[in-house]
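Q:
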Amino acid sequence: MPLDIEEFRKAGYKAIDRICDYYYSLQDKPVVSQVEPGYLREALPAEAPEDGEDFDTIQDDYQKLIVPGLTHWQHPSFFAYFPTACTFEGMLGDLYASSAANPGFNWACSPACTELEAVVMDWSAKLLGLIPDFYNTSGIGGGVMQTSASDSGLTAVVAARSRFVCLHPSIPLESLIIYVTSQTHSLGAKAGLVLGLEVRVLDVREEDAFALRGETVRAVIDQDKERGKYPFVLIATVGTTSSGAIDRIDEIGEVLQDFPDIWLHVDAAWAGMTFVCPELRGPGELQAINKYATSFCTNFHKWGLVNFDASTLWVRDRKLLTDALDITPEFLRTKHGDEGTVIDYRNWHLGLGRRFRSLKVWFVLRSYGAEGFRRYIRKCIELNNLFASYVLESPDFALVTQPSLALTVFRLQPETEQPLALQALNDLNRIFYGRLSARRDIHLTQTQLNGVFCIRLAIGAVRTDESHIKHAYDVLVEEAGQAIEAWKQTKQAAMD
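First residue of the sequence shown? That's 0 in numbering that gives the first Met the number 0, and the numbers climb one at a time after it.
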C-alpha cells in the first residue's frame with residue numbers, strides 16, 4: 000500500500016540513517032562496483048509485483064541489491080573522469096524540490112521556481128566573476144540551468160544555427176560547419192550528429208599544451224570559405240577532459256572579431272568552477288570569456304559541490320535563445336508571459352518541463368558560502384600538486400603534459416639503456432593501466448594525447464586528503480613494477 004504521512008516520516012528517518020551509514024563506511028568499500036553484467040536482472044523478478052509490497056522490504060532490497068552495483072564517485076580514492084558533487088545540502092535540496100514537484104515550464108507553474116533560478120544564476124555569475132552582461136538583471140543577457148554541459152552545448156549550437164540562418168537565409172544548411180578541437184568533449188560531435196551538420200576537428204599541438212590557438216582558427220576559416228563552407232559556431236574549452244587544456248580564448252576571440260557571425264561557446268564544465276578563486280581567473284581566460292564569449296557553461300555538479308544535475312549556461316543576449324526556441328501554444332500563454340514581465344525558462348532550452356534545480360544550488364551556496372567554495376577548490380589543487388610532485392620525483396613515471404588545476408596526466412616511463420619507442424611505451428602503459436583497472440581500492444581513467452597512451456588522475460572528492468594521494472602513488476609504484484615484468488615477458492615471448 001502507498002505510504003501515508005506518518006509512514007513516510009518513519010521511512011524517511013530510516014533512509015537518512017542509512018545514507019549516513021553509507022558515508023561513514025564509504026572509505027572501506029571498493030571504489031568500483033564488483034558485480035558482473037546482468038546481475039540485477041537475475042536478482043529481480045521478471046515483472047512488477049501485482050500487489051504492493053512492504054516499504055521496509057523495498058528499502059532493504061536497495062541495500063542488498065542496488066548498493067553493491069554502485070561505483071562510488073564520492074569515494075576518497077575515486078580519481079577517474081572528473082568529480083561529481085554530492086553534498087548533504089544538495090541532497091536535502093533535491094528532497095525538498097521533489098516534495099513539491101512541478102514541471103516548471105513557465106512562471107505561473109510555480110513562481111518560486113523561476114524567480115529563485117534567476118536569482119541563483121546571478122549569484123553564481125558574480126561568484127565566478129562574469130560581467131553584468133551575463134546577469135538576468137541586465138534584461139539582455141542571463142543565465143539558465145540545464146541538465147548537463149552536453150545539453151548546454153547543444154542549446155548553444157541550436158541557437159547559433161538559428162541566428163546564422165536568419166542572417167544568411169540563402170546559405171543551405173549542408174554548408175554549415177561546427178568547429179571543435181581534438182580535445183573538445185564529445186558534446187560537439189554529438190551536436191553535429193543530432194543536427195545533421197558537419198563537424199570539423201581543429202588540430203592542437205603538444206607544444207601549445209593542447210590548447211587551440213587563434214592562428215589555427217583563422218587558417219581553417221579561410222580554408223572553409225574557399226570550399227564554400229560556413230562555420231557558424233566554435234566550441235572552445237576551458238579544462239579539456241583528456242588533458243585539462245585551456246584554449247586561448249583571447250586569441251580565438253580576437254580572430255572571431257573579423258567573423259561576427261560565428262558564435263563562440265565556451266565549455267568550462269569542469270574547470271569553470273575555479274573562477275571562484277580570483278587568482279585562477281587569469282589562467283582560466285576569464286577576462287577573454289567576458290570580452291568575447293557568446294555563451295559560457297560550467298557544471299556545479301562536477302567541481303561545484305551541487306548534486307547532479309546542475310549545469311549552468313549563460314548567454315550575452317537571451318534573445319538569441321528565445322528567437323530560436325520560443326514555442327508558445329495557446330495553452331501555455333499567461334498574462335505575465337504575454338506582457339514580458341517574467342522569464343519563461345522553457346524558451347531557454349530544448350525541453351518543455353524542467354526540475355527545480357536552483358533549490359539545491361541555493362542550499363549549497365548558502366551553507367558553504369563563497370569562501371567555502373574557494374577552500375574546497377584550493378584544497379583539490381594542492382592535493383594534485385602533491386601527486387604531481389611524486390610523479391616528477393620518480394625515475395619510473397613522467398608527466399605527459401603539465402598538471403592542470405586538479406588533473407595530472409602521466410604515464411609509466413621507466414629508465415632504460417635505450418629510450419623506448421612510442422609503441423613500446425604505449426604497450427607497456429596499456430598493461431600498466433589494465434592492472435590498475437583491476438584494483439578495488441582506486442579508480443583512474445585512460446586517455447590518448449596525440450597518439451600517446453596515458454593515464455589521468457583527477458581529484459575532487461570532498462573526502463580526499465593527503466593520505467589518499469600517498470596511497471594512490473604507492474599503488475602506482477606497486478603495479479608499475481608488476482607491469483614492467485609482464486611487459487618484458489610478453490616481449491621475450493614474441494622474440495622466442
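From the three backbone atoms N, C-alpha and C, an ideal C-beta is built for every residue, glycine too.
Starting from the Cα of residue 186, find the closest Cα among 164, 171 and 234 and give me that residue.
A: Nearest option by C-alpha distance: 234.
Q: By Cβ distance below 6 Å, which residues in the same chain neighbour residue 292 in space, the five residues on each side in sequence not counted?
A: 263 and 265.
Q: List the endpoints of the continuous beta strand (DSSP E) containing residue 230.
A: Taken as a continuous stretch (DSSP letters only), the beta strand (DSSP E) holding residue 230 covers 229-236.
Q: Just the Cα atoms here: how many angstroms apart are residue 414 and residue 396?
A: Straight-line Cα distance between these residues: approximately 9 Å.
Q: I need the DSSP call for residue 470, collapsed to helix, strand or coil.
A: Reduced to three states, the DSSP call for residue 470 is helix.
Q: For the structure I just gave you, are there three or more beta carbon pairs, one from the segment 354-365 and one from the segment 95-105, closer than 8 Å?
A: Verdict: yes, contact present.
Q: Who pairs with residue 177 in a beta bridge, going by DSSP?
A: Per DSSP, 198 and 232.
Q: Report the three-state DSSP secondary structure of residue 351 (helix, strand or coil).
A: Of the three classes helix, strand and coil, the one that applies to residue 351 here is coil, per DSSP.
Q: Beta-carbon within less than 8 Å of residue 501's beta-carbon, same chain only, minus the 5 sequence neighbours each way: which residues are those?
A: This structure cannot speak to residue 501, because the chain is shown only from 0 to 495.
Q: Let's test the definition: count the other Cβ atoms within 10 Å of the Cβ of residue 432 and tell me whether it reaches 16, buried, or not, exposed.
A: Buried, since its Cβ has 16 or more Cβ neighbours within 10 Å.
Q: Measuring only the C-alpha atoms, how far is residue 434 from residue 486?
A: For residue 434 and residue 486, the distance between alpha carbons rounds to 12 Å.
Q: Can you give me the C-alpha to C-alpha distance between residue 243 and residue 232, rounded to a whole angstrom?
A: Spanning the two alpha carbons is a distance of roughly 22 Å.
Q: I need the straight-line Cα distance from residue 245 to residue 15, nearest angstrom please.
A: Rounded to whole angstroms, residue 245 to residue 15 spans 40 Å at the Cα level.
Q: DSSP three-state label for residue 407, please.
A: It is a strand residue.
Q: In chain order, which beta strand (DSSP E) runs of at least 3 residues are fully inside the segment 341-398?
A: 396-398, all fully within the segment 341-398.
Q: Counting only the same chain and skipping the five closest in sequence on each side, list residues whose C-beta sits under 7 Å from that of residue 389.
A: Here the set comprises 472.
Q: Kindly indicate the opening and closing residues of the beta strand (DSSP E) around residue 132.
A: Where residue 132 is concerned, there is no enclosing beta strand (DSSP E), given that its DSSP letter is neither H nor E.
Q: Where do the ends of the beta strand (DSSP E) carrying residue 122 lie?
A: Premise fails: residue 122 lies in the alpha helix (DSSP H), 110-127, not in any beta strand (DSSP E).
Q: Would you check if the distance between the CB atom of residue 359 and the CB atom of residue 306 is smaller than 7 Å?
A: Cβ distance < 7 Å, so residue 359 and residue 306 count as in contact.
Q: Would you call the segment 450-463 in contact with the segment 416-433, where contact means no fewer than 3 C-beta pairs closer than 8 Å?
A: The segment 450-463 vs the segment 416-433: in contact.
Q: If you pair each beta-carbon of the segment 157-174 with each one of the segment 335-346, do three or more pairs fall below 8 Å?
A: Touching, no.
Q: Got a sec? Which residues, its chain only, sit under 7 Å from residue 443 by beta carbon, not counting five neighbours each side?
A: The answer, listed in chain order, is 78, 79, 435, 454, 455 and 456.
Q: So what does DSSP say about residue 444, is it helix, strand or coil?
A: If DSSP states are grouped into helix, strand and coil, residue 444 belongs with the strands.
Q: Run the CB neighbour count on residue 317, radius 10 Å, all protein chains shown included, and call it buried at 16 or more, exposed below.
A: It counts as buried.
Q: Just list the residues that DSSP pairs residue 455 with in beta bridges.
A: According to DSSP, which records beta bridges pairwise, residue 455 is partnered with 408 and 444.
Q: With C-beta atoms as the reference, is residue 88 less than 7 Å away from residue 393?
A: Not in contact: residue 88 and residue 393 (Cβ atoms no closer than 7 Å).
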